[in-house]
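Residue numbers (this note's numbering): -5 to 147.
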């Protein structure tokens, strides 16, 4: 990728795709806790609240919002990468740390603002699983794609 915008777009697109596919595969197919439509509607409910669950078409908004969030995380990492030297040492380590950072931002800042009443977090399998999904599907792809862009500069 030669352009900044193209790199950010690619990183966000790959990370967003891997993340939503992992969520659907794990929670809808493997664990059978929900459906793909409900996963996407839950994303939409951050803005549309209960109305998000009244129409299956709202899932499309959820998919759009999901990719906007992934692009924002890709953009943020891309912007901070040149200024934080420890990110340049190992894409594996920085991707791991960025996945944890994304989990912290989403679960301890964004979700509590959007949904003031949330269940308490416990160090259990669902929490560890959600962190691992973000590390592998968001942190690693963004870190490796960004590193590749800056290594060719």
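Glycine is no exception: its CB is placed at the ideal position from the N, C-alpha and C atoms.
{"Check": "Reference residue 96; option with closest CA among 27, 26, 85, 64", "Outcome": "64"}
{"Check": "As assigned by DSSP and simplified to three states, the class of residue 137", "Outcome": "helix"}
{"Check": "Option in 55, 109, 127, 135 with minimal Cα separation from residue 21", "Outcome": "127"}
{"Check": "Endpoints, the alpha helix (DSSP H) within which residue 35 is located", "Outcome": "30 to 42"}
{"Check": "8 Å contact criterion, which residue 61 and residue 1 should meet: CB distance rounded", "Outcome": "Not really, about 16 Å apart at Cβ, beyond 8 Å."}
{"Check": "Separation of residue 134 from residue 86, as counted between CA atoms", "Outcome": "7 Å"}
{"Check": "Range covered by the alpha helix (DSSP H) that runs through residue 86", "Outcome": "85 to 98"}
{"Check": "From 14, 57, 142, 9, residue whose alpha carbon lies closest to that of residue 83", "Outcome": "142"}
{"Check": "Where residue 48 sits in the DSSP three-state scheme", "Outcome": "coil"}
{"Check": "Endpoints, the alpha helix (DSSP H) within which residue 3 is located", "Outcome": "-2 to 17"}
{"Check": "Nearest-angstrom Cα separation, counted from residue 136 out to residue 70", "Outcome": "10 Å"}
{"Check": "Separation of residue 146 from residue 42, as counted between CA atoms", "Outcome": "42 Å"}
{"Check": "Coil, strand or helix - residue 111 by DSSP", "Outcome": "coil"}
{"Check": "Bounding residues of the alpha helix (DSSP H) (the contiguous stretch that carries residue 119)", "Outcome": "119 to 128"}
{"Check": "Cβ shell of residue 38 (< 8 Å), same chain only, five flanking positions each side left out", "Outcome": "46, 52, 53, 55, 56, 59"}
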